[in-house]
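A.B. asks: Have a look at the structure that comes next, please.
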Amino acid sequence: MVSLLYIDYLALVSQAEALKEENDSLRWQLDAYRNEVELLKQEQGKAHREDDPNKEQQLKLLQQALQGMQQHLLKVQEEYKRKEAELEKIKDDKLQVEKMLENLKEKGLSPHFFMSTHLEQALNISVPTCTV
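And the structure:
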């Protein structure tokens, strides 16, 4: 059970790190798009040409791309927060399981006895035990 928690923990750490990297990458892209939009606005102001449909269309496309990137960034940030919370819960669960196992070792009980006893309580049934 501990090894499964540890595997889940490692998987979540890996996912959280990947989401963090993607989040950073998206922020850099977002900054680049903002800079490009700002440059286009400055160029448009210098040229004083409102009749150039290509620049206006390009500006609109860049603004739409910027909005899409912002929305995607928000989704990634929310996913990152959710994964972080899930990771914290698994860390807490892992600590609890480790403490329970340590308590069992101190009391001289085997983990099998502990698990079958708790299964009985959780399921409210009797688990057959081997008697030798």
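Numbered by mature numbering (1 follows the signal peptide of the UniProt record, and there is no 0), the letters in the sequence shown go through residues -18 to -1, 1 to 114 in order. All C-beta atoms, glycine included, are put in the ideal place defined by N, C-alpha and C.
1. Is there contact between the region 66 to 75 and the region 42 to 49, where contact requires at least three CB pairs shorter than 8 Å?
2. Can the beta-carbon of residue 41 be found less than 9 Å from the beta-carbon of residue 19?
3. What is the DSSP secondary structure of residue 91, reduced to helix, strand or coil?
4. Flag this pair as yes or no: are the beta carbons of residue 12 and residue 52 separated by less than 9 Å?
5. Which class does residue -7 belong to by DSSP, given the choice of helix, strand or coil?
C.D. replies: According to the structure data:
1. No: the two stretches stay apart, fewer than three of their Cβ pairs being nearer than 8 Å.
2. As a working note, residue 41 is residue 59 in the sequence shown. As a working note, residue 19 is residue 37 in the sequence shown. Yes, the pair counts as a contact, with Cβ atoms nearer than the cut-off.
3. In the sequence shown, the residue the question calls residue 91 occupies position 109. Of the three classes helix, strand and coil, the one that applies to residue 91 here is coil, per DSSP.
4. Position 30 of the sequence shown, counted from the start, is the residue given in the question as residue 12. Position 70 of the sequence shown, counted from the start, is the residue given in the question as residue 52. Closer than 9 Å, so yes.
5. Numbered from its first residue, the sequence shown carries residue -7 at position 12. Secondary structure of residue -7 (DSSP, three-state): helix.
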